[in-house]
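Structure first, commentary second.
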Amino acid sequence: MKAAVITFPGSNCDLDMYHALVDEFQVDTEIIPATVTDLSQYDAIFIPGGFSYGDYLRTGAIARFAPVMAAIKEADNQGKLIVGICNGFQILTEAGLLPGALQTNTKPGFICDTTGLNVVNQTSKFTNAFTKATVKFPIAHGEGNYFVDDATLATMQANHQILFTYTDNPNGSVADIAGVTNANGNVFGMMPHPERAVDELIGNIDGRAFFASIIASLVNQQEATKA
Amino acid sequence: MMQTYKEPTPAEIRDHKIYLPWGLTEAEYELVCQKLDRLPNYTETGLFAAMWSEHCSYKKSKPVLRTFWSKNERVLQGPGEGAGILDIGDNQAVVFKAESHNHPSAVEPYEGAATGVGGILRDIFSMGAQPIAVLDSLRFGEIDNERTKYLINEVIAGIAGYGNAIGIPTVGGEIAFDKTYAGNPLVNVMAVGLLDQDAMKVGQARGVDNSILYVGAKTGRDGIHGATFASAAFSDEEESDRSAVQVGDPFTEKLVMDATIAIVKRYPEDVIGIQDMGAAGLVSSSAEMASKAGMGVHLNLDLVPQRETQMTPYELMLSESQERMLLVIKKGSEAKAVELFAEYGLDAVVIGKVTDDGMYRLDFNGEVVAEINAQDLTTAPKYNLPALKPERLKNADKNQFVPKIEDLKQTFLQILQQATIASKASLYRHFDSMVQTNTVVNPGSDAAVVRIRGTKKALAMTTDVNGRYLYLDPFVGGQMAMAEAARNIIASGALPIGITDCLNFGNPENPEVYYELAQSVAGINKMAQALNTPVISGNVSLYNEYNDEAIYPTPMVGMVGLHTDNHTITTQGFKQAGDAIYVVGETTAAFNGSEIQKMQTGSVAGQLFAFDADAELRNQKLVLTAIEAGLVASAHDLSEGGLAVGLAEAAFAKHLGFDVQFDLSDDLLFSETQSRFVISVTPSKQAAFEALMAANAQLVGQVTDTPSFKVTTQTSTVEILENEAYTSWKDAIGWLLK
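Each protein sequence line maps, in turn, to chains G and X.
The first sequence begins at 1 in the UniProt record's numbering and counts up one residue at a time.
The second sequence begins at 1 in the UniProt record's numbering and counts up one residue at a time.
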């Protein structure tokens, strides 16, 4: 398995994602600048948190025009796994790879905290290794208030696209939504930070199941291809 | 077509004394004329006014600052550079410094605080270091008016807006409230960085013909004369000068930071020196680099990247536009440096070169617009100001205040709601404390702890000072600031290794203020030597006054400690029911300057209670030994609010209870005697702990799983629900800010 962590100017969780993948899960990972136009050699693509292009104009609104985005769309067409965390989630919704949009928190202001999450669907490519129904993940965002219209929400629910909901909604998200996939189930975005919850010394390892799920999905996928 | 501004001639400058509002005195102007052997032109007068301001030259505080002890076996770089550096073994070093942004934050709190974060980070990465943490030490007036609420909300938002975006965790600090800061809040920011010793850089312009490279944001008209502005006091009559405040752009700063660290790594031989453009911008950075190296510089101002048209040399040199750096690059290596910065989307332009004639020379539009000896520019006249012991100290009441406690439970709950004591979580939750995923101990414990990835090491860090103590005794209060900082580091299980400071005082020309400054520094210095924590960097902020009333002397101490093995990392919260609770150190009647005196009388008064440095050092050493031996479950320093607050905070972390008995009167639960800790110990470790601590620790009770605080004194037994205490403490700031 080969992973790419995409770094836009202003990304600031790129190294955290890299360390989670490499130090904790020994995944062959490279940090790839947003100017790169070919991601064909990577099996999974991670778009990390931060403030891409300063988050000026609107979060993720400038990043969606970066050269690498065409390659990310191509990876989506091929059904590769694509993960957006925090700003990465915002970029994926701006780029139309995920439904919905992220707005300013109901109570405006950046919040850094640890929040409870319900693992709504434990069979997805991103959640198959979770053994607990609720976990604790760190959050750190000012614009994590997920919005989606009623019709789309109903479709997403029917499709099991909602993977995580907040136990105690910190930002006003519709239906307490914390993390969603696209209709195909290969693109995932969430505001909470699993990469901040993989190391015992830092005090939280609930995020390990997230990475374990992705690795298991890729192994399955590769075996399926071989067979 | 814009009208070209016509600058006053040298003779007009002399005749109309236009240098006076810039902070240059008549005597100083005369001295400039003597040094130059002619009248300075407009640009030169501006350069001298900025470089000779207190903010840049420390001309008034230097006789005091020079006394700081700043050398020991760890010190790789003491005061005088962007930041100080200490050896932490394995060829690694920790870099840290603190800086004040009080004046800008008073008039434009969001940008003032934001650019405070930006400025101190540049000091860290200009040494070649990767910033790993930011701490904030904030002081505001009482939360009883809209102006103060506005200042608090905007300062917090400014720190969050900048620090979160740049991706350096804000891991700690402290916030306190007192009416003394109402017209002049304090915004002190400390930054800590990590450095491979081989990559260490200093701000020096060495080597004739090496190039001066300007990097980062373009220069605009913002912040002109910010340094002079920071060297004057506020009052009701004078309109605050907003144009002297700069505007921050954390996105550009992140690019500048990443690129600067990258160039030091990629081309270590080609980067001769780095200096950030902070106070007094281009002139300060370039003149200091030249003067420290004993060299001159020759700059062509036409080459300076500009974002406004028709800027004059005066404006270009004095602008404090943010996110700019000056590098000295080895001759011949300019192209690869420019190329590296271009990778990050940054402007990098050679604007001049190093010369060997010691002259500071500026060209503009083909003319020489300044020609000054660089040493003259960076050597302001020194002032030895008179010091006078304030009346309030001479006639201080020697008796300690006696708190009135009719209902122990009520007083207990009331003290937890005092703004200075209450939880600051509703404020610091706006700061990203976890980015970089190295923060082991988050805000809310005694000291923050950040691990060093790839090693067993970790760094503990804290900021401390209680201005009320210093108001009552600047020398002893200075000692106590150091003692508390060290107790916080020790309680986290680390060895204190060094300090930085922000010396926040009033107008030093007031002999009483100067006395406070000198005495505070002496107190800090004495403890710095006793603790073996050299003063490796720092900052002075004077003229913190409103309507001629100085703030309490507030020398913030920022201390760093070293964990050589992360198994020693300890937090303040009780861990489990059944653990024994000990108090280390004697509790005596220490109430003058205390939180309870303030709460019950509205102010602090009398002679400050005594400080026993020997007891302090002994208790700290014992606690650290106990932690290192693995005998301690939790450790918490006792400070404002005394035993009552210390025990409650230890219980809040995991919502546990406690049952404690004291052979003390009720009031002593709120005494602020120094040198004390609350420690919890697992029963199996009690015997070893007691053997080590001997008479220095006293068993006072147990941690319980009943969610209540049961406290027995000589005269009372009270039981307080944990939830009631917790709510009082946690929600107080939120209620006050409503």
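Glycine included, C-beta positions come from ideal geometry on N, C-alpha and C.
No experiment lies behind these values; they were computed from the predicted model shown.
Between the stretch 484–493 of chain X and the stretch 357–367 of chain X there are fewer than three inter-stretch CB-CB distances shorter than 8 Å, so the stretches are not counted as touching. Residue 196 of chain G reaches chain X at 434, 437, counting residues in chain order whose Cβ is nearer than 7 Å. For residue 160 of chain X, the closest Cβ of chain G is nearer than 8 Å. Taking 8 Å as the upper bound for CB-CB distance, residue 569 of chain X and residue 623 of chain X are not in contact here, some 14 Å apart.
Note that the C-beta distance between residue 81 of chain G and residue 90 of chain G is not below 8 Å. The Cβ of residue 60 of chain G sits no closer than 8 Å to any Cβ of chain X. Under the 8 Å criterion on CB atoms, residue 218 of chain G is classed as non-interfacial with respect to chain X.
Interface annotation, residue 110 of chain G: in contact with chain X, CB-CB separation under 8 Å.
Uninterrupted beta strand (DSSP E) stretches at least 3 residues long and entirely within the stretch 425–474 of chain X occur at 439–441, 448–451, 458–464, given in chain order. Looking at the backbone, the Cα of residue 61 of chain G and that of residue 669 of chain X are separated by about 56 Å. Residue 636 of chain X: member of the beta strand (DSSP E) spanning 634–637, first to last residue. Closest in alpha carbon position to residue 358 of chain X, among X/602, X/707, X/291, X/593, is X/291.
The DSSP assignment places 677–681 as complete runs of the beta strand (DSSP E) inside the stretch 661–693 of chain X, in order along the chain (cut-off: 3 residues).
Within the stretch 94–136 of chain G, the complete beta strand (DSSP E) runs of at least 3 residues fall at 101–103, 111–119. A direct Cα-to-Cα measurement between residue 189 of chain G and residue 123 of chain G gives close to 16 Å. DSSP, read as helix, strand or coil, puts residue 478 of chain X in helix.
Per DSSP, reduced to three states, the secondary structure at residue 112 of chain X is helical. Chain-order list of chain X residues neighbouring residue 202 of chain G: 434, 437, 438, 439, 440, 451, by C-beta distance under 9 Å.
Fully enclosed beta strand (DSSP E) runs of no fewer than 3 residues occupy 535–541, 554–563, 580–584 of the stretch 530–591 of chain X, in order along the chain.
Interface flag for residue 457 of chain X against chain G is unset, since no Cβ pair is found closer than 8 Å. Contact with chain G is absent for residue 266 of chain X, since none of that chain's Cβ atoms lies less than 8 Å from the residue's Cβ. Here the alpha carbon of residue 274 of chain X sits roughly 14 Å from the alpha carbon of residue 350 of chain X.
Taking one beta carbon from each stretch, the stretch 187–207 of chain X and the stretch 130–142 of chain G have fewer than 3 pairs nearer than 8 Å; the two do not touch. The alpha-carbon of residue 151 of chain X is positioned some 37 Å away from that of residue 399 of chain X. One alpha carbon belongs to residue 576 of chain X, the other to residue 702 of chain X, and they sit about 10 Å apart. Under the three-pair Cβ rule at 8 Å, the stretch 159–179 of chain X counts as touching the stretch 429–443 of chain X. Membership of residue 222 of chain G in any beta strand (DSSP E) is not indicated; the residue belongs instead to the alpha helix (DSSP H) covering 208–226. Here residue 64 of chain X carries a helix assignment [DSSP, helix/strand/coil]. Following the DSSP letters along the chain, one finds residue 288 of chain X in no beta strand (DSSP E) but inside the alpha helix (DSSP H) bounded by residues 281–293. Secondary structure at residue 211 of chain X: strand, using DSSP grouped into helix, strand and coil. X/393 is the residue among X/192, X/393, X/428, X/433 whose C-alpha sits nearest the C-alpha of residue 473 of chain X.
Taken through DSSP and simplified to helix, strand or coil, residue 353 of chain X comes out as strand.
Residues of chain G whose Cβ lies closer than 8 Å to the Cβ of residue 430 of chain X are, in chain order, 109, 110, 111, 112. Residues of chain X with a Cβ closer than 8 Å to the Cβ of residue 140 of chain G are, in chain order, 164, 432, 434, 435. With its beta carbon less than 8 Å from one in chain X, residue 50 of chain G belongs to the interface. Residue X/539 holds the alpha-carbon nearest to the alpha-carbon of residue 556 of chain X among X/539, X/385, X/546, X/543.
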